[in-house]
Every structure is written in structure tokens, then in C-alpha cells.
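Each remark here refers to the structure printed beneath this line.
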């Protein structure tokens with residue numbers, strides 16, 4: 802059980818470093834809720850291990866990302882919003898956390914810039930679509 806938990810915590814540390822605390826919050830909260838529902842350490846250990854595997858896959862597999870951001874984080878945020886649950890921890894909502902890492906800006910190249918990539922040398926800057934994740 803200890804090894805599973807340590808592996809999860811090490812990966813969680815990378816998640817916070819790479820994506821800040823706001824973006825993965827809904828996903829991690831959803832997983833913690835599932836862990837709490839387990840009647841035994843064995844069941845919880847399996848869920849933590851599965852969560853770790855899912856996060857690793859989403860962080861390191863490009864097809865599991867959208868604009869460099871794991872889809873599971875964005876989907877969990879969208880589901881929370883649709884179900885009327887909080888999408889940020891209280892300290893971020895109230896603005897008490899002054900850590901700049903909590904703001905994540907995802908930049909996705911527009912379809913025009915992808916099609917004209919061969920002309921990039923002629924262009925001074927690519928058009929970009931900015932997606933704000935709340």
C-alpha cells in the first residue's frame with residue numbers, strides 16, 4: 802500500500818509543478834471521493850494505482866492531451882461544472898493563494914496556422930487561439 806501511495810504522491814507533485822493546482826483539482830477531488838468510498842485498504846490501493854496509471858498515460862501520451870493538457874483534467878472540470886460542483890478549491894476562488902502556478906494558459910494553434918505551417922518562414926507570427934480554463 803505504501804509503494805502505491807508514494808508513486809501517486811510523486812506523480813501528483815509533477816502534476817502540480819507542470820499544470821498548477823487549479824487545473825487538476827477537479828480530477829483529483831473526484832478520485833479522492835472514490836477512494837473514500839472503498840471499504841478496505843486493498844480496494845483503495847487498487848484505485849490509487851489505477852489513478853496513477855491514468856494520470857501517467859494522460860501526461861505522457863499526446864493522444865490523451867488537448868493543447869498539451871491532459872484531457873482527463875479538462876473533462877473532470879467540465880463534469881463538475883455541469884453538475885454544479887466547485888471547479889476550484891476555496892483558497893483559489895477567494896484569491897487567498899498568491900501562487901502564480903495556479904494560472905494555466907493553454908495555447909492551441911488555429912487550424913489556419915496548422916495548414917500554413919510550410920509558410921511559417923514568411924509569417925512573422927502564427928495565429929493562435931487562446932483557451933482559458935477556469
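In the numbering used here, the protein residues as written are 802 to 935. Note that CB positions come from ideal geometry on N, CA and C, so glycine has one too. As the structure is a prediction and not an experimental result, all values here were calculated from the model.
For a test of the three-state rule: what should DSSP assign to residue i, helix, strand or coil?
i: residue 867; result: strand
i: residue 850; result: helix
i: residue 880; result: helix
i: residue 844; result: helix
i: residue 858; result: helix
Is the beta carbon of residue i less than 8 Å from the beta carbon of residue j?
i: residue 859; j: residue 849; result: no
i: residue 827; j: residue 836; result: no
i: residue 875; j: residue 865; result: no
i: residue 831; j: residue 877; result: yes
i: residue 809; j: residue 862; result: no
Between which two residues does the alpha helix (DSSP H) carrying residue i extend?
i: residue 834; result: 823-837
i: residue 820; result: 803-820
Given 8 Å, three or more beta-carbon pairs between the stretch 864-881 and the stretch 807-815: no
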